[in-house]
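Last residue of the sequence shown: 146 (the numbering used here), numbering continuous. Below you'll find the structure, written out as structure tokens, and then a few comments.
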Amino acid sequence: MKFVWKGIVAPALALTIGLGMTLSTPVMADPLVPDLKKGERVFKKCKACHTLKEGEANKIGPNLYGMFTRGVAAKEDFNYSKAMRTKAPEIAEWNDETLAIYLKKPSKYIKGTAMSFAGLRKEKQRVNVIAYLKQETAPAPAEAE
Ligand code: HEC
Numbered sequence: 002m003k004f005v006w007k008g009i010v011a012p013a014l015a016l017t018i019g020l021g022m023t024l025s026t027p028v029m030a031d032p033l034v035p036d037l038k039k040g041e042r043v044f045k046k047c048k049a050c051h052t053l054k055e056g057e058a059n060k061i062g063p064n065l066y067g068m069f070t071r072g073v074a075a076k077e078d079f080n081y082s083k084a085m086r087t088k089a090p091e092i093a094e095w096n097d098e099t100l101a102i103y104l105k106k107p108s109k110y111i112k113g114t115a116m117s118f119a120g121l122r123k124e125k126q127r128v129n130v131i132a133y134l135k136q137e138t139a140p141a142p143a144e145a146e
């Protein structure tokens, strides 16, 4: 009797778990809508080390102006770690994906990075701060003539 039970319970359990995952997937895949205000608040964690606007000074970390177009570890007057310079060609550019991985846990993505920051554990924080960075580090719109 025991033997028969195992044979029924296991597949039934597998089916239940499988079904549950299928049903909850669409909810989990919902795109997160970035909130710039919240992104600005998250950036407070970065402010001690980073500036955002053109011509502003490097601090402990590089000024981030133009970071989405200039390439990785590409600010000429900043002394990046060897770890970051070595990994830069592989990362190729900062975008939603590469930044999300880096900011989740910098020391894991770039072993030996000089950025001593634990990381942003929550996906929402990452999405919000990336949107904020995009807005704040872009060149100002051309002046109207
Ligand atoms: C304690 C200082 C510190 C904090 C806090 C910090 N950073 Fe950094 N960051 C650095 C340093 C230093 C580097 C250069 C890393 C290297 O050379 O290994 C860096 C590098 C970067 C780069 C790569 C820049 C480039 O030119 O390729 C990005 C992007 C970045 N940080 C974003 C952030 C964001 C966003 C936060 C906040 C969520 C943050 N950092 C928090 C110090 C910091």
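For each residue, glycine too, the CB sits at the ideal point set by N, CA and C. All figures in this text were calculated on a predicted structure; none of them were measured in a lab.
Residue i, enclosing alpha helix (DSSP H) - first and last residue
i	result
leucine 33	Neither: leucine 33 is in no alpha helix (DSSP H) and is coded neither H nor E.
aspartate 97	97-105
isoleucine 111	Unbroken run through isoleucine 111: none, as it is neither H nor E.
glutamate 77	Segment: none, glutamate 77 is in no alpha helix (DSSP H) and carries neither H nor E.
leucine 37	37-44
glutamate 124	124-138
Member of the options whose CA lies at the smallest distance from the CA of residue i
i	options	result
phenylalanine 118	Val128, Trp95 and Cys50	Cys50
valine 79	Arg71, Thr52 and Asn64	Residue identity check: residue 79 is phenylalanine in the sequence provided, not valine. Looking at the Cα atoms, Asn64 is the closest of the given residues.
lysine 105	Pro142, Arg71, Asn129 and Lys60	Asn129
lysine 46	Ala143, Pro90 and Leu121	Leu121
lysine 135	Thr70, Ile61, Pro107 and Pro90	Thr70
tyrosine 81	Gly62, Pro90 and Glu98	Gly62
Beta-carbon gap between residue i and residue j smaller than 8 Å
i	j	result
valine 1	glutamate 94	Look at the range of the chain in this structure, 2 to 146, and you will see that residue 1 is not part of it.
glutamine 126	valine 43	yes
leucine 147	alanine 132	Nothing can be reported for residue 147: it is not among the residues displayed for the chain, which extend from 2 to 146.
methionine 68	alanine 115	no
tyrosine 124	leucine 53	Sequence inspection shows glutamate at residue 124; the tyrosine mentioned does not correspond to that position. Against a cut-off of 8 Å, the Cβ pair of leucine 53 and glutamate 124 comes out as no contact.
lysine 76	isoleucine 111	no
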